[in-house]
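Residue numbers (our numbering), protein chains in the order written: chain A, 216 to 544; chain B, 1154 to 1441; chain C, 55 to 388.
Right under this line is the structure:
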């Protein structure tokens, strides 16, 4: 039986600014509902400005002005009674930070304090959560670093003395050392070359299997999703438009946007022309009425212009938000 | 540029405060043109009279009306500051742009000289100048001196902007599309540089006026032309504080402090507006 | 280690360059001017009395000798540097025959003590409060402090010193406003002397500190409010690292390096402020020495104090520069 570790219900998070008399509201996350089950890797895909990074930040409780949590909930199974981390009391949240919920941030270049040695960063982040003496802690850190194939010399180094790949592996080790139940990984391999990327993805999969944690993996790269994730959700214009087990989604995409995304992937052996989508990315400050995708959709109908489609079940563990796809069996 | 001022005036409290202070100061300076007394005559009114209806700010021990004397003093002081700021902008722009655009050994040489001027304490040097020039140290000469010594800090700022502009994409686009260097400089880069030049000019004015007041108070400057510093000098010479003639010192000090704080507030609010990071931080003040 | 040595060498080179240019500048100013310092000194010395012409001629000769104005331009220059290296600036005119170097050595501890303490206090306190203000943005007390700093910072040293003088000298006379120590106390390591020194240094130090504090506070506040949005700070917050630890080890630590550079750049300005503050409070340091020397047309003393102050300030900058890589390990790599 697979219980949900994370349950997101109609989450809405907007950027609201007021500067020099100009008021703006950017609806980065506009009503997202999904769940992440135990021991699975759930992928989130979408182009830039689809809202995926804002979504995971809101889930992780990283809501700072001008970002505001407007509505909805993001419940974790290990924090019953808490609607969202952002609105809970700081003590409650700190109790789970890093020990139950960890985060691998985008941009390994600058997530480590440039003026502290790696050893101190491990100390800051993990010492409080791992019982035992200082010596035991150091041994635990070293053995964990070994799992990402880094040796002890890394501990005494400063971040600028390590390569990009090494820094990324350090952040992965940092995020997993406390055996968290839930790991959010935001574009952890985007800045790396393909060879290191493959290694890092393998490490993530291995660690996930060892610890049994759930991973929410965000990247625009469908190839990575295909290689790593169990289930995949596609975001567009601040909303989830389709969700299914990864293999099934890639085989039978049911949303026009997903179909187009997959069709645009380069395939070895074919040289067909790939068409771009007409129009531009949606303006989240002034979103279109009805379905966000309708201005660019090849099969848009009249109803799409006025009524926003809900994410409805359509087949086995498959959900689609499109008027053209009726509710399936 | 005017749009920037209008925006700042409407929405930024610091800018408004600074603008208010500076308008008062400038108004005082403008009044000097309708002063009933010439600035260099003394004993035209009864000396040592506290503020009253006919002498709004009182009179000095030299028989001058404090209010009207002050209008001349602040006018000369402001003009001095403007002169130094203008001249030192020229030097700072030249050095900064040259170093930033040329790079290489030109940059290194200019920056070594620049850092030297940054480090050397200027006050002793100015004192040394006074020492050797004595009475020939006129106000314009002092302005030229200070301009030739006070450009170092801002030159470095301009240089770093020039360096970043040089490597930006739109510069390369300009070059590829056939714009001449002059066109690129004037049309593309100047809009970035001008706001910085302006706010550094304000800070420079603060610096030069402060230094001039200090020199004048010590008597190291031409003390016949009325400036804020010379007013305080004469007040000290006549031991105004001890004699209880506080208005002779208080009002010049108050007016010049208004000038300093006003210029500073203007410069700070402009900087905040220009710097994109602080703009982002400013946007947090939104609520629904 | 060799990286650091390279860096240190470069900094020493810059130091030497600054000192050389500065001293040469002082030399050129005094020697390439229309006014003859000898004639000047003579006119000041003979202002009050009628001096016999032979006496004046004798004075002229000995002054020219003392000021090294004998011989052509090149000989003078070489002789000048020869004496500088030996630390010999000749006798002081206003305190004849005390050598200038003695006067300077007497005044130096006062100035160094005042400058060092007030600069360190202002810098440390300003940075601390500024860091707190940048991190805890909504704290009322810190906000008020910020406004006060903004109003105080642009005011020049002289005005603040003057205001303090008026307030504590005439309105509320609880602190001594003149001198380095009470006149009737014997110098030495005894408590009456030390407490007298301390009480006399409060007002001058206060003027220097008040202005300096404002500047460092504002700078640190804007730096730390920028750093707070940097990735590694956000990351530490996601990880649940305790707030004080984030404030000190992540935010302020990273803001310290630019503030240190700023300290080096402003040493010149702080020295300027010290000169005028000393004069206002009659503090027996190099500032008062310099100003009085100018009034007395004491050429040797003026040149001497100028030279020593240039060397001193550049030395301070050098020390700070050498400390810099210890705070920021990235500096040498660049």
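Glycine included, every Cβ here is placed at the ideal spot set by N, Cα and C. For clarity, every value in this text was computed on a predicted model and none was experimentally measured.
Determine the direct distance from the alpha carbon of residue j to that of residue i, and round the result to whole angstroms.
i: residue 236 (chain C); j: residue 154 (chain C); result: 25 Å
i: residue 1395 (chain B); j: residue 1192 (chain B); result: 25 Å
i: residue 220 (chain C); j: residue 1399 (chain B); result: 10 Å
i: residue 1390 (chain B); j: residue 333 (chain C); result: 15 Å
i: residue 493 (chain A); j: residue 476 (chain A); result: 13 Å
i: residue 534 (chain A); j: residue 1159 (chain B); result: 52 Å
i: residue 165 (chain C); j: residue 341 (chain C); result: 8 Å
i: residue 458 (chain A); j: residue 1321 (chain B); result: 41 Å
i: residue 1238 (chain B); j: residue 1333 (chain B); result: 30 Å
i: residue 295 (chain A); j: residue 289 (chain A); result: 11 Å
i: residue 1133 (chain B); j: residue 1175 (chain B); result: As shown, chain B starts at 1154 and ends at 1441. That puts residue 1133 (chain B) outside it, with no answer to give.
i: residue 259 (chain C); j: residue 169 (chain C); result: 8 Å
i: residue 1187 (chain B); j: residue 1402 (chain B); result: 23 Å
i: residue 1354 (chain B); j: residue 67 (chain C); result: 32 Å
i: residue 388 (chain C); j: residue 57 (chain C); result: Model confidence at residue 388 (chain C) stands at a pLDDT of 41, short of 50, so the residue's coordinates are unreliable; what they give is reported in the following sentence. So the alpha carbons of these two residues sit roughly 10 Å apart.
i: residue 315 (chain C); j: residue 1272 (chain B); result: 12 Å
i: residue 461 (chain A); j: residue 467 (chain A); result: 10 Å
i: residue 1206 (chain B); j: residue 1219 (chain B); result: 13 Å
i: residue 1303 (chain B); j: residue 359 (chain A); result: 57 Å
i: residue 513 (chain A); j: residue 525 (chain A); result: 19 Å
Under the three-state reduction of DSSP, which class applies to residue i: helix, strand or coil?
i: residue 392 (chain A); result: coil
i: residue 1438 (chain B); result: A caution first: residue 1438 (chain B) carries a pLDDT of 47, below 50, which makes its placement in the model too unreliable to give a value.
i: residue 232 (chain A); result: strand
i: residue 450 (chain A); result: strand
i: residue 1244 (chain B); result: helix
i: residue 341 (chain A); result: helix
i: residue 388 (chain C); result: Confidence is the limiting factor: at residue 388 (chain C) the pLDDT is only 41, short of 50, which leaves the residue's position unreliable, though a coordinate-based value still follows. In this structure, residue 388 (chain C) counts as coil in the three-state DSSP scheme.
i: residue 142 (chain C); result: coil
i: residue 106 (chain C); result: coil
i: residue 514 (chain A); result: coil
i: residue 526 (chain A); result: coil
i: residue 172 (chain C); result: helix
i: residue 547 (chain A); result: This structure cannot speak to residue 547 (chain A), because chain A is shown only from 216 to 544.
i: residue 508 (chain A); result: coil
i: residue 1270 (chain B); result: helix
i: residue 429 (chain A); result: strand
Excluding the 5 residues preceding and the 5 following residue i in the sequence, name in chain order all residues of the same chain whose CB lies nearer than 6 Å to its CB.
i: residue 515 (chain A); result: 509
i: residue 21 (chain C); result: Because chain C spans 55 through 388 in this model, residue 21 (chain C) falls outside it and cannot be assessed.
i: residue 1356 (chain B); result: 1420
i: residue 452 (chain A); result: 497, 507
i: residue 1352 (chain B); result: 1420, 1423, 1424
Looking only at its chain, what residues have a beta carbon closer than 8 Å to the beta carbon of residue i, apart from the 5 residues adjacent to it on each side?
i: residue 1324 (chain B); result: 1318, 1337, 1341, 1342
i: residue 194 (chain A); result: Because residue 194 (chain A) is not part of the residues shown, which for chain A are 216 to 544, the question remains open.
Looking only at its chain, what residues have a beta carbon closer than 7 Å to the beta carbon of residue i, apart from the 5 residues adjacent to it on each side?
i: residue 1202 (chain B); result: 1208, 1211, 1212
i: residue 1254 (chain B); result: 1315, 1319
Which residues, in chain order, does the segment 280-294 of chain C contribute to contact with chain B at a C-beta distance below 7 Å?
280
Closer than 7 Å, Cβ to any Cβ of chain A: which residues of the segment 306-336 of chain C, in chain order?
Residues passing the 7 Å Cβ filter: 307, 308.
At a CB distance below 7 Å, what residues from the segment 1264-1282 of chain B approach chain C? Give them in sequence order.
1265, 1268, 1269, 1271, 1272, 1273, 1274, 1275, 1276, 1277, 1278, 1280, 1281, 1282
Within 7 Å of chain A by C-beta, residues of the segment 354-385 of chain C in sequence order
382, 383, 384
The segment 1412-1427 of chain B touching the segment 1161-1180 of chain B, judged by at least three CB pairs closer than 8 Å
yes
Please list the residues of the segment 177-209 of chain C that have a C-beta atom closer than 8 Å to any C-beta atom in chain B, keeping them in chain order.
Flagged, chain order: 204, 205, 207, 208, 209.
Across the segment 298-305 of chain A and the segment 250-264 of chain A, are there enough close Cβ pairs to call them in contact, namely three or more that are closer than 8 Å?
no
Using 8 Å as the Cβ pair cut-off and three pairs as the minimum, do the segment 418-430 of chain A and the segment 494-509 of chain A touch?
Counting C-beta pairs with one atom in each stretch, the segment 418-430 of chain A and the segment 494-509 of chain A have fewer than three that are closer than 8 Å, which means they do not touch.
Assess, as a yes-or-no matter, whether the segment 322-329 of chain C is touched by the segment 234-253 of chain C under the definition of 3 or more beta carbon pairs within less than 8 Å.
The segment 234-253 of chain C and the segment 322-329 of chain C do not touch, with fewer than 3 CB-CB distances between them shorter than 8 Å.
Anything in the segment 268-291 of chain A with a Cβ closer than 7 Å to a Cβ of chain C? List those residues in chain order, please.
275, 277
Is it true that the segment 285-297 of chain C meets the segment 172-179 of chain C, where meeting means three or more beta-carbon pairs spaced less than 8 Å apart?
no
Tell me which residues of the segment 372-396 of chain A have at least one Cβ-Cβ distance to chain C shorter than 9 Å, keeping chain order.
373, 374, 375, 376, 386, 389, 390
Residues within the segment 324-338 of chain A neighbouring chain C, beta-carbon criterion of under 7 Å
325, 326, 327, 328, 329, 330, 331
Chain-ordered residues of the segment 302-319 of chain A with a beta carbon less than 7 Å from chain C
309, 312, 313, 318
May I ask you to list, following chain order, the residues of the segment 1403-1425 of chain B that have a beta carbon less than 8 Å from some beta carbon of chain C?
Of all residues in the segment 1403-1425 of chain B, 1406, 1409, 1410, 1413, 1414, 1416, 1417, 1418, 1421 have a Cβ within less than 8 Å of some Cβ in chain C.
Contact the segment 276-286 of chain A vs the segment 380-398 of chain A: 3+ CB pairs below 8 Å:
no
Closer than 7 Å, Cβ to Cβ, to anything on chain B: give me those residues from the segment 56-88 of chain C, in chain order.
Cβ contacts with chain B come from 68, 71, 72, 75, 76, 79, 80, 83, 84, 87.
Please list the residues of the segment 208-224 of chain C that have a C-beta atom closer than 9 Å to any C-beta atom in chain B, keeping them in chain order.
208, 209, 210, 211, 212, 213, 216, 217, 219, 220, 223, 224
Spell out a yes or no on whether the segment 1294-1301 of chain B and the segment 1240-1248 of chain B are touching, meaning 3 or more CB-CB pairs, one atom from each, closer than 8 Å.
Flag = yes, the segment 1294-1301 of chain B and the segment 1240-1248 of chain B touch.
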